[in-house]
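Peer 1:
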Amino acid sequence: PQRQPQRRCRFCEKKPQLRRPKTGHAVCRDCFFWAFEAETHDTIVSSRMFSPGERVAIGASGGKDSTVLAYLLKTLNERHNYGLDLRLLAIDEGIAGYRDDSLDALRRTEVSLGLPLTIFTYRDLYGWTMDEVVRAAGRRSNCTFCGVFRRQALDRGAGHLKADKLATGHNADDVAETVVMNLLRGDAARLSRCADGVTHTGGGLPARCKPLKYAYEKEIVLYAYFKRLDYFATECLYAPAAYRGHARALVKDLERARPAALLHIIQAAEQIRFRTDARMPELDTCRLCGYVSSQPVCKACVLLDGLNSGNPGWLLANPRLVRLSNSSSECLLMLGVIAPNAAVAPAPGAAARDRHALRRRILDDFLNLFFGIAF
Ligand code: SF4
Ligand code: ZN
Numbered sequence: 001p002q003r004q005p006q007r008r009c010r011f012c013e014k015k016p017q018l019r020r021p022k023t024g025h026a027v028c029r030d031c032f033f034w035a036f037e038a039e040t041h042d043t044i045v046s047s048r049m050f051s052p053g054e055r056v057a058i059g060a061s062g063g064k065d066s067t068v069l070a071y072l073l074k075t076l077n078e079r080h081n082y083g084l085d086l087r088l089l090a091i092d093e094g095i096a097g098y099r100d101d102s103l104d105a106l107r108r109t110e111v112s113l114g115l116p117l118t119i120f121t122y123r124d125l126y127g128w129t130m131d132e133v134v135r136a137a138g139r140r141s142n143c144t145f146c147g148v149f150r151r152q153a154l155d156r157g158a159g160h161l162k163a164d165k166l167a168t169g170h171n172a173d174d175v176a177e178t179v180v181m182n183l184l185r186g187d188a189a190r191l192s193r194c195a196d197g198v199t200h201t202g203g204g205l206p207a208r209c210k211p212l213k214y215a216y217e218k219e220i221v222l223y224a225y226f227k228r229l230d231y232f233a234t235e236c237l238y239a240p241a242a243y244r245g246h247a248r249a250l251v252k253d254l255e256r257a258r259p260a261a262l263l264h265i266i267q268a269a270e271q272i273r274f275r276t277d278a279r280m281p282e283l284d285t286c287r288l289c290g291y292v293s294s295q296p297v298c299k300a301c302v303l304l305d306g307l308n309s310g311n312p313g314w315l316l317a318n319p320r321l322v323r324l325s326n327s328s329s330e331c332l333l334m335l336g337v338i339a340p341n342a343a344v345a346p347a348p349g350a351a352a353r354d355r356h357a358l359r360r361r362i363l364d365d366f367l368n369l370f371f372g373i374a375f
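What follows is the structure, encoded as structure tokens:
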């Protein structure tokens, strides 16, 4: 049956101008702004995301999410006296025809919001642009390189700015997608923290915050549209990553069938606590570059080693080593730092059995929680 068009905004006397994708409420523009901003404020306050006097680096790309995030943080900081020193931090991956255009949009945002912008480039940090990486390593693993490099680049940039927190524009769709992806990979360490609004990495790195973790992507687009925010709307030339693409499609299907599914996935993941025998990474410093790392050699150095030695292809043969390796010896083995021997090489089949058992357990836990809490 077709829904009757509503004559009044859910919250006031005005004519509704949109139906909120998250709640289905017909609302006027002003009440949409009010609700969207109040929900973000609530996310920030309820998780004690920031403290007065902190410097917050906003990871900004010129895209819709980070542009809305920068606008909202500035607005809420003034409205509610958070007392934050806000900075824009951008990473230039070196993707011609994509990042250069989005950085132009970001420079206009720098001016319109009056927030200082700092840009770090992959070329300066790693000696490679993404365009060069793709030429050397092909298209299949580009997002693995890019993701590892960006994560570290943001940390380095935030460190350079002496920021206390690093705020990113991850929205509810992104978080739900990451939950599903970590579940499907059996990645217990990441699954248990990927839905957190604030994640402390330790090692002197700034905590990462996701003020938009409950904001639906569709509402971010509507907010940017009605606020006439200036952002760059094209997808990366090298997107999407194959596996994340499947998780994304699944999450979008679920949202179509039931809009609240996104929130339920996030809320279910927030409740997951693992038994203490699930291995969590411990922080150390990389033996090659000295940067904070959970492995003896950080992922960026492992990838750079492949690129610089003209042999990035090993990644395609064994992507799990980069993505999932929790064992300190695996990276060193690959780099030839230590020789393989019985002491470090697990018995054949044992690791696979462990992983299989872990996956089963996570899936059981997740399904119990998911259906117990969400429905
Ligand atoms: Fe990098 Fe992949 Fe994102 Fe493009 S889609 S910016 S290659 S992570
Ligand atoms: Zn209204």
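At position 157 of the sequence shown the residue is numbered 157 (UniProt numbering), and the sequence of numbers has no breaks.
Glycine residues also receive a C-beta, built at the ideal position from the N, C-alpha and C atoms.
(1) Helix, strand or coil for residue 257? Go by DSSP, reduced to three states.
(2) In angstroms, rounded to a whole number, what distance separates the CA positions of residue 244 and residue 181?
(3) Could you pull out every residue in the same chain whose Cβ sits closer than 6 Å to the Cβ of residue 407, ignoring the five residues on either side in sequence?
(4) Using C-beta distances below 7 Å, list every residue in its chain close to residue 41, excluding the 5 sequence neighbours before and after it, in chain order.
(5) Since I believe residue 72 is in contact with residue 39 (beta carbons under 8 Å), could you give me their beta-carbon distance rounded to a whole number of angstroms?
(6) Should residue 122 be labelled buried (16 or more other beta-carbon atoms within 10 Å of its own) or exposed?
(7) Pick helix, strand or coil for residue 140, following the three-state DSSP scheme.
(8) Name the two residues that bound the continuous beta strand (DSSP E) containing residue 239.
(9) How would the residue list near ligand 2 read, in chain order, if you kept each one whose beta-carbon is closer than 6 Å to any heavy atom?
(10) Terminal residues of the continuous beta strand (DSSP E) containing residue 166?
(11) Counting only the same chain and skipping the five closest in sequence on each side, list residues whose C-beta sits under 7 Å from that of residue 236.
(12) From which residue to which residue does the alpha helix (DSSP H) around residue 111 run?
(13) Suppose you measure from the CA of residue 141 to the CA of residue 205; what does that come to, to the nearest Å?
(14) Compute the minimum distance between the beta carbon of residue 209 and the heavy atoms of ligand 1, and state whether it is under 6 Å.
(15) In this structure, does DSSP put residue 26 in helix, strand or coil?
(16) Let me make sure I understand the geometry here. Which of 143, 196, 7, 60 has the alpha-carbon closest to that of residue 230?
(17) Apart from the five residues just before and just after residue 43, which ones in its own chain have a Cβ nearer than 7 Å to its Cβ?
(18) At what residues does the alpha helix (DSSP H) containing residue 59 begin and finish?
(19) What is the DSSP secondary structure of residue 87, reduced to helix, strand or coil?
(20) Determine the contact status of residue 22 and residue 216, defining contact as a CB-CB distance below 7 Å.
(21) Our contact map puts residue 115 next to residue 86 with C-beta atoms below 8 Å; I'd like the distance itself, whole angstroms only.
(22) Let's test the definition: count the other Cβ atoms within 10 Å of the Cβ of residue 90 and tell me whether it reaches 16, buried, or not, exposed.
(23) Beta-carbon separation of residue 10 and residue 27 under 7 Å?
(24) What's the gap between the Cα of residue 319 and the Cα of residue 49?
(25) Give the secondary structure of residue 297 by DSSP, where H, G and I count as helix, E and B as strand, and everything else as coil.
(26) Following the continuous beta strand (DSSP E) through residue 121, name the residue where it begins and the one where it ends.
(27) Determine the direct distance from the alpha carbon of residue 70 to that of residue 165, and round the result to whole angstroms.
(28) CA-CA distance, residue 228 and residue 190?
(29) Distance check for residue 263 and residue 187, CA to CA, integer angstroms please.
(30) I need the DSSP call for residue 18, collapsed to helix, strand or coil.
(31) Quick one: Cα of residue 147 to Cα of residue 29, how far?
Peer 2: Based on what the coordinates show:
(1) Translated into the one-based positions of the sequence shown, residue 257 becomes position 257. Residue 257 falls in the helix class under three-state DSSP.
(2) Position 244 of the sequence shown, counted from the start, is the residue given in the question as residue 244. Position 181 of the sequence shown, counted from the start, is the residue given in the question as residue 181. Using only the alpha carbons, I get a separation of about 7 Å.
(3) Summary: the structure shown does not reach residue 407, with the chain confined to residues 1 through 375, and so no result is reported for it.
(4) Taking the sequence shown and counting its residues from 1, one reaches residue 41 at position 41. Cβ within range, chain order: 76, 80.
(5) Here residue 39 refers to the residue found at position 39 when the sequence shown is read from its first residue. Here residue 72 refers to the residue found at position 72 when the sequence shown is read from its first residue. No, residue 39 and residue 72 are not in contact; Cβ-Cβ is about 10 Å, not under 8 Å.
(6) For this step, residue 122 is matched to residue 122 along the sequence shown. Looking at its Cβ environment, which holds 16 or more other Cβ atoms inside 10 Å, residue 122 is buried.
(7) Residue 140 sits at position 140 when you count from the first residue of the sequence shown. In this structure, residue 140 counts as coil in the three-state DSSP scheme.
(8) Reading the sequence shown from its first residue, position 239 is the one you call residue 239. In this chain, residue 239 is not harboured by any beta strand (DSSP E), its DSSP state being neither H nor E.
(9) 9, 11, 12, 14, 27, 28, 30, 31
(10) Counting from one through the sequence shown, the residue named residue 166 turns up at place 166. Element bounds for residue 166: 165-167.
(11) If you number the sequence shown from 1, residue 236 lands on position 236. 95, 98, listed in sequence order.
(12) Against the sequence shown, residue 111 aligns to sequence position 111. Per DSSP, residue 111 belongs to the alpha helix (DSSP H) from 99-113.
(13) By one-based count along the sequence shown, residue 141 stands at place 141. By one-based count along the sequence shown, residue 205 stands at place 205. Looking at the two C-alpha atoms, the distance is approximately 27 Å.
(14) As a working mapping, residue 209 is identified with position 209 in the sequence shown. Residue 209: no, Cβ never under 6 Å from ligand 1.
(15) Here the question's residue 26 lines up with position 26 in the sequence shown. In this structure, residue 26 counts as strand in the three-state DSSP scheme.
(16) Counting from one through the sequence shown, the residue named residue 230 turns up at place 230. Taking only the C-alpha atoms, the option nearest residue 230 is 60.
(17) By one-based count along the sequence shown, residue 43 stands at place 43. Excluding sequence neighbours, residue 43 sits near 197, 211, 213, 214.
(18) The residue given as residue 59 occupies position 59 in the sequence shown. Residue range 55-59 is occupied by the beta strand (DSSP E) that includes residue 59, with no alpha helix (DSSP H) assigned at that position.
(19) Position 87 of the sequence shown, counted from the first residue, corresponds to residue 87. In this structure, residue 87 counts as strand in the three-state DSSP scheme.
(20) Looking up residue 22 in the sequence shown gives position 22. Looking up residue 216 in the sequence shown gives position 216. Yes, these two residues count as a Cβ contact at 7 Å.
(21) By 1-based counting over the sequence shown, the position of residue 115 is 115. By 1-based counting over the sequence shown, the position of residue 86 is 86. About 5 Å; that satisfies the 8 Å criterion.
(22) Residue 90 sits at position 90 when you count from the first residue of the sequence shown. The residue in question, residue 90, is buried, as its Cβ has 16 or more Cβ neighbours within 10 Å.
(23) For the purposes of this step, residue 10 is taken as the residue at position 10 of the sequence shown. For the purposes of this step, residue 27 is taken as the residue at position 27 of the sequence shown. Yes, Cβ-Cβ distance for residue 10 and residue 27 is below 7 Å.
(24) The count along the sequence shown starts at 1 and reaches residue 319 at position 319. The count along the sequence shown starts at 1 and reaches residue 49 at position 49. With a pLDDT of 44 at residue 319, under the threshold of 50, the modelled position of that residue is not reliable, and the figure given next carries that caveat. The alpha-carbon atoms of residue 319 and residue 49 are separated by roughly 34 Å.
(25) Looking up residue 297 in the sequence shown gives position 297. Taken through DSSP and simplified to helix, strand or coil, residue 297 comes out as coil.
(26) As a first step, residue 121 is located in the sequence shown; it is residue number 121 there, counting from the start. 117-121 is the extent of the beta strand (DSSP E) around residue 121.
(27) By 1-based counting over the sequence shown, the position of residue 165 is 165. By 1-based counting over the sequence shown, the position of residue 70 is 70. Their backbone Cα atoms lie some 14 Å apart in a straight line.
(28) Locating residue 228 in the sequence shown gives position 228, where the first residue counts as 1. Locating residue 190 in the sequence shown gives position 190, where the first residue counts as 1. Rounded to whole angstroms, residue 228 to residue 190 spans 36 Å at the Cα level.
(29) The sequence position of residue 187 within the sequence shown is 187, counting from 1. The sequence position of residue 263 within the sequence shown is 263, counting from 1. One C-alpha to the other measures close to 21 Å.
(30) Here residue 18 refers to the residue found at position 18 when the sequence shown is read from its first residue. DSSP places residue 18 in strand when its eight states are reduced to three.
(31) What you label residue 147 is simply residue 147 of the sequence shown in a count that begins at 1. What you label residue 29 is simply residue 29 of the sequence shown in a count that begins at 1. Approximately 36 Å between the Cα atoms of the pair.
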